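Student:
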Amino acid sequence: MSTKRKVHIPTDDEDKALTRAAQGDRDNPPLTDAELARMRPAREVLPRLVGEKAAQALLRPRGRPALPEGQRKVTLNMRCDRDVVEAFKATGDGWQTRINDVLRAYAKSHRMLPSR
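Quick note, the sequence shown lines up with residues 1 to 116 if you use UniProt numbering.
Rendered as structure tokens:
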């Protein structure tokens with residue numbers, strides 16, 4: 001069974017019905033062209049609303065900074081014996097890093113990698 005999401009594209013009739021329903025919602029009416037024209041990106045209005053420092057904190061990129069190309073990890077899909085994977089998982093958080101460490105040690109001991 002596929003786990004990919006299936007997107008339903010509404011027919012023209014369904015789209016018209018959805019639009020009619022949205023336009024009839026008094027709590028959330030559609031935006032007018034004038035309202036849309038007045039809208040500005042958050043990076044323009046946040047400093048004025050919450051201050052420069054808070055705006056920078058809200059707008060900063062999330063996650064870890066990207067590593068240089070040569071230092072990035074490679075995504076790998078490989079098949080392993082179930083008991084081996086379960087043994088590593090049983091060691092708790094960081095089990096994938098420990099597998100990487102075991103592979104690195106093996107590659108070094110067999111002179112497949114230069115010493116780091």
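We put the beta carbon where it would ideally sit given N, CA and C, even for glycine. Bear in mind the structure is a predicted one, so any value in this text is a computation, not a measurement.
Can you list, in chain order, the stretches of the alpha helix (DSSP H) that have 4 or more residues and sit fully within the stretch 22-71?
Tutor: Complete alpha helix (DSSP H) runs here, min 4: 33-38, 42-50 and 52-59.
Student: Just how far apart, CA to CA, sit GLY24 and LEU18?
Tutor: On the sequence shown, position 24 is the one that residue 24 refers to. On the sequence shown, position 18 is the one that residue 18 refers to. Rounded to the nearest angstrom, the two C-alpha atoms are 10 Å apart.
Student: Just checking my contact of ALA55 with PRO65 at CB under 8 Å: how many whole Å lie between their CB atoms?
Tutor: Position 55 of the sequence shown holds residue 55. Position 65 of the sequence shown holds residue 65. The pair is not a contact, with the Cβ atoms about 20 Å apart (cut-off 8 Å).
Student: Roughly how many whole angstroms lie between the Cα atoms of ALA42 and LEU58?
Tutor: Locating residue 42 in the sequence shown gives position 42, counting from the first residue. Locating residue 58 in the sequence shown gives position 58, counting from the first residue. About 9 Å.
Student: Leaving out five residues before and five after PRO10 in sequence, what residues of the same chain have Cβ atoms less than 8 Å from its Cβ?
Tutor: On the sequence shown, residue 10 is found 10 positions in, with the first residue counted as 1. Once the five neighbours on either side are set aside, the close Cβ partners of PRO10 are LEU18.
Student: Mind checking which residues open and close the alpha helix (DSSP H) that includes THR97?
Tutor: Taking the first residue of the sequence shown as 1, we reach residue 97 at position 97. THR97 -> alpha helix (DSSP H) spans 95-109.
Student: Using three-state DSSP, classify THR19 as helix, strand or coil.
Tutor: Position 19 of the sequence shown, counted from the first residue, corresponds to residue 19. It is helical.
Student: Start and end of the alpha helix (DSSP H) containing ARG82?
Tutor: The residue given as residue 82 occupies position 82 in the sequence shown. Taken as a continuous stretch (DSSP letters only), the alpha helix (DSSP H) holding ARG82 covers 82-89.
Student: Pull up the distance between the alpha-carbon of VAL84 and that of ALA90, whole angstroms please.
Tutor: On the sequence shown, position 84 is the one that residue 84 refers to. On the sequence shown, position 90 is the one that residue 90 refers to. Spanning the two alpha carbons is a distance of roughly 10 Å.
Student: So, ARG98 versus PHE88, is the Cβ gap smaller than 8 Å?
Tutor: As a first step, residue 98 is located in the sequence shown; it is residue number 98 there, counting from the start. As a first step, residue 88 is located in the sequence shown; it is residue number 88 there, counting from the start. Yes. Within cutoff.
Student: Leaving out five residues before and five after LYS73 in sequence, what residues of the same chain have Cβ atoms less than 6 Å from its Cβ?
Tutor: Along the sequence shown, read from residue 1 onward, the residue named residue 73 stands at position 73. Answer for LYS73: no residue qualifies.
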